[in-house]
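In the numbering used here, the protein residues as written are 149 to 346.
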């Protein structure tokens, strides 16, 4: 009788490890092939468990997506205004912003897929909207202004699509961020760009 709690604890630990394996498999597959192209069967094969086991832990694909999203955010939470604490000026704030965005995109290889596959689940669309709003708000803080056309342009230069293009060209997040920050800061130092629609 005294051994029962020990067995229950071991069973719970084994179940939690299986769950973690399934979430990691989901994360890897989303980064490799996208959310829309990943199936529960694919996840089961990658995690080396039965499809029934995947459904036991995640009754719907939406549940698996949500768990994968939580795992992704634990690896690379969205940056906030503390990113700029101690920055010496606008150029450094821009450099920090670009690096924070690109570092997160590198850690979460599926973020480009999240945007492309946002139609698969309302949660994905909400994540895309939250990330874009955060990026634009941080761009405004980096520039020391309200949100406007210029902050949207800076935020666009910090977008996952820009990072992905540089990554395909062989640059790391840090290398790409350095190049993009230099470009943004040169553009800002040169003065106002041609008139843009607000």
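No residue lacks a Cβ here, since even glycine has one placed at the ideal position from N, Cα and C.
Practice problem: Measure the CB-CB distance between residue 269 and residue 308 and report whether it falls below 8 Å. | Solution: no
Exercise. Find the nearest neighbour of residue 320 within the set 198, 234 and 248, judged by alpha-carbon distance.
Key: 248
Quiz item: DSSP three-state call for residue 178: helix, strand or coil?
Solution: helix
Quiz prompt | Close-in-space but distant-in-sequence residues of the same chain around residue 286 (CB under 6 Å, 5 per side omitted) | solution = 245
Self-check item: Continuous alpha helix (DSSP H) stretch holding residue 242: start and end
Solution: 238 to 255
Self-check item: Residue closest to residue 251, alpha-carbon to alpha-carbon, out of 223, 199, 266 and 232
Solution: 223
Exercise. Could you have a look at residue 224 and say whether DSSP puts it in helix, strand or coil?
Key: coil
Quiz item: CA-CA distance, residue 294 and residue 237?
Solution: Cα to Cα, the separation comes out at about 17 Å.
Exercise. Could you check the C-alpha separation between residue 178 and residue 198 for me, to the nearest Å?
Key: Each residue's Cα considered, the two are about 19 Å apart.
Quiz item: Ends of the alpha helix (DSSP H) at residue 184?
Solution: Element bounds for residue 184: n/a, residue is neither H nor E.
Exercise. Measure the Cβ-Cβ separation of residue 242 and residue 212 and say whether it is below 8 Å.
Key: no
Self-check item: Proximity below 8 Å, CB of residue 169 to CB of residue 185
Solution: Contact: no.
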